Amino acid sequence: MIHQGEYIRDILRGEVGKTVHAHGWVKTRRDSKGVSFVQLNDGSSFQDLQVVIEEGALPEEAMKQTTTGACVRVTGELVASPAAGQAVELKAKEILVYGGADPATYPLQKKGHTMEFLRDIAHLRTRSNTFGAVFRVRNALAHAIHNFYRERGFVYVHTPIITASDCEGAGAMFGVTTLDMMNLPRNDSGAVDYSKDFFGKPAYLTVSGQLNVEIFALSFTNVYTFGPTFRAENSNTPRHLSEFWMIEPEMAFCDLEGDMELAEAFLKYIIKYVMEACPDDLEFFNKRIDNTVLATLSQVVENNFEHVTYTEAIRLLEKSNRTWEFPVFWGADMQSEHERYLTEEVFKKPVIVTDYPKEIKAFYMRANDDGKTVRAMDVLAPRIGEIIGGSQREERYDVLLDKIRKQELNEEAYWWYLELRKYGSAPHAGFGLGFERVMLYLTGMKNIRDVIPFPRTPGSADF
RNA sequence: UCCCUGCUAGCUCAAUGGCAGAGCGUUCGGCUGUUAACCGAAAUGUUGAUGGUUCGAGUCCAUCGCGGGGAGCCA
Numbered sequence: 002m003i004h005q006g007e008y009i010r011d012i013l014r015g016e017v018g019k020t021v022h023a024h025g026w027v028k029t030r031r032d033s034k035g036v037s038f039v040q041l042n043d044g045s046s047f048q049d050l051q052v053v054i055e056e057g058a059l060p061e062e063a064m065k066q067t068t069t070g071a072c073v074r075v076t077g078e079l080v081a082s083p084a085a086g087q088a089v090e091l092k093a094k095e096i097l098v099y100g101g102a103d104p105a106t107y108p109l110q111k112k113g114h115t116m117e118f119l120r121d122i123a124h125l126r127t128r129s130n131t132f133g134a135v136f137r138v139r140n141a142l143a144h145a146i147h148n149f150y151r152e153r154g155f156v157y158v159h160t161p162i163i164t165a166s167d168c169e170g171a172g173a174m175f176g177v178t179t180l181d182m183m184n185l186p187r188n189d190s191g192a193v194d195y196s197k198d199f200f201g202k203p204a205y206l207t208v209s210g211q212l213n214v215e216i217f218a219l220s221f222t223n224v225y226t227f228g229p230t231f232r233a234e235n236s237n238t239p240r241h242l243s244e245f246w247m248i249e250p251e252m253a254f255c256d257l258e259g260d261m262e263l264a265e266a267f268l269k270y271i272i273k274y275v276m277e278a279c280p281d282d283l284e285f286f287n288k289r290i291d292n293t294v295l296a297t298l299s300q301v302v303e304n305n306f307e308h309v310t311y312t313e314a315i316r317l318l319e320k321s322n323r324t325w326e327f328p329v330f331w332g333a334d335m336q337s338e339h340e341r342y343l344t345e346e347v348f349k350k351p352v353i354v355t356d357y358p359k360e361i362k363a364f365y366m367r368a369n370d371d372g373k374t375v376r377a378m379d380v381l382a383p384r385i386g387e388i389i390g391g392s393q394r395e396e397r398y399d400v401l402l403d404k405i406r407k408q409e410l411n412e413e414a415y416w417w418y419l420e421l422r423k424y425g426s427a428p429h430a431g432f433g434l435g436f437e438r439v440m441l442y443l444t445g446m447k448n449i450r451d452v453i454p455f456p457r458t459p460g461s462a463d464f
């Protein structure tokens, strides 16, 4: 295996004169009279290692197989590069071809490909410049998230992926069953008899770890989850996946102000972290994908988020003298066009909207004294819309029970959630952040299917 | 799920209802310490599928499939 110090990333910073072994996949090859140039990449950095092969230095058979897409090990001397583009290059003395790649059929060309085409070859797109950069950033972002919470004493909680409680929210859920679909057990009234199913009752893939993580917040104080989430909604947009990753912090002894403070610090931290960890990759995104990415990220890190209440936001929209496709009035849910107007035209930066009407928000959000609004907050970002949704939770037993009853939810299903308010309740708050939405923001990529290794969307679960 | 739009060579795209094209890639040759190199030549097609209209359909019509943009749902 390859150890620290042996990746191409390390070789590029290596000492001239040393003999090194470079392992990787050939990105391109250029031939001149008497010399060939092979760009080698092992995923460890955006920059390739330029391998220089003088005529006759390597066996002809091996040279024939050293084509775009081939996997090779090159042994040689690291030398200073006489040309621009790289500080050092590898002067080949020996080559081992692990696996060739027929140039006539290898689909990746030197020229740019569309994201749609690359998505169809998800087993090879990881070797392209764009997806190399995307997945290095994704990796750095995951580390940034854990670092942020660890530095603040948060406990990382693994909430369940399979859940038998259908009380997690309004999102459509995927069923999990081992029943024979061709021969379903029925009860007397003809309905499916789930007592015969694997868990003895209907089970689903989780749409959120929030309710579970609240249990841990009321024991470990500050906690977070970071894991996959599933939505069976028939959403076909560049911003939705059926399987995506979500980060959900939850803090005891915390109100909405503390929640917002953490959300802002969190976004700034992870952006800064990735900017420092992946400068080459971000520069590539800025050059080839979206030339506003770097400026936008710096701007977010350096400035404070805007804060408005829902009521103020509605007033701003009403004052705009625009004709909206969806009418604006107090009590209406904000639409994409409204969010975009606020973030892209009024404030031109992330905006935190708070205190929404209780009718358009979830039952567990803490009621304000005005009787009309709840302590909810959405962080809206230019271009991608809602990136964080959170709230202070209703910690008062009677108020929560009343809400569950008024919304005609299944009171019994929430028995343990209610008991958390009965035994040692505490004010607490949290939010959910879509991991891939942050990826869109960081990379400037336009489609969420291109920032996750293997996208799952309605009608599509390849690879 | 709704609205709009697209599907032609490996890729990106041309083609008034009338002979199926180009660039890139590939192969071969040339030139050059090259950087998405350059010059010349060659090979490459069930025009997404199924029906229909027509003397004749890549082009028009219908249905289906898949992609893209927008919307809804949301993270």
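In the numbering used here, each number is its position in the first sequence, counted from 1, plus 1.
Ideal placement from N, C-alpha and C gives every residue a C-beta, glycine not left out.
In this text the structure is predicted, and so the values were computed from the model without any measurement.
CB contact flag (valine 294, leucine 443, <9 Å): yes
Valine 275 vs leucine 142 beta-carbon contact at 9 Å: yes
Length of the line joining the Cα atoms of cysteine 72 and glycine 100: Roughly 5 Å between the two C-alpha positions.
Burial state of aspartate 334 (16 or more Cβ within 10 Å): exposed
Glutamate 90 - DSSP class collapsed to helix/strand/coil: strand
First and last residue of the uninterrupted beta strand (DSSP E) at glycine 391: 386-393
Reduced DSSP secondary structure (H/G/I, E/B, other) of asparagine 140: helix
CA-to-CA distance, tryptophan 416 to glutamate 396, given in whole angstroms: 14 Å
Which listed residue (Val98, Pro104, Val53, Lys65) has its alpha carbon closest to that of leucine 79: Val53
Cβ shell of valine 158 (< 6 Å), same chain only, five flanking positions each side left out: Val214, Phe217, Val224, Thr226
Glutamine 40 - containing beta strand (DSSP E), residue span: Taken as a continuous stretch (DSSP letters only), the beta strand (DSSP E) holding glutamine 40 covers 36-42.
Alpha helix (DSSP H) segment containing threonine 29, residue limits: Threonine 29 -> not in any alpha helix (DSSP H); beta strand (DSSP E) instead, spanning 20-33.
Rounded straight-line distance, which links the Cα of tryptophan 26 to that of valine 309: 51 Å
Limits of the unbroken beta strand (DSSP E) element including methionine 378: 374-382
First through last residue of the alpha helix (DSSP H) which encompasses methionine 261: 257-278
Buried or exposed (CB count within 10 angstroms, at least 16 for buried), phenylalanine 285: buried
Three-state secondary structure (DSSP) of arginine 74: strand
Length at least 3, wholly inside the segment 290-349: the beta strand (DSSP E) runs in chain order: Fully enclosed beta strand (DSSP E) runs of 3 or longer: 307-310.
Contacts around valine 400, its chain only, beta-carbon distance under 7 Å, and the 5 residues preceding and following it disregarded: Ala368
Residues bridged to isoleucine 227 [DSSP beta-bridge criterion]: Reading off the sequence shown, one finds phenylalanine at residue 227, where the question assumed isoleucine. Its beta-bridge partners are Ile248.
Whole-number beta carbon distance between leucine 441 and proline 385, since they are thought to touch under 8 Å: One detail in the question is off: residue 385 reads as isoleucine in this sequence, not proline. Contact flag correct, Cβ pair sits at about 5 Å.
Validate contact between the segment 83-93 and the segment 42-58 using beta carbons, cut 8 Å, 3 pairs: yes
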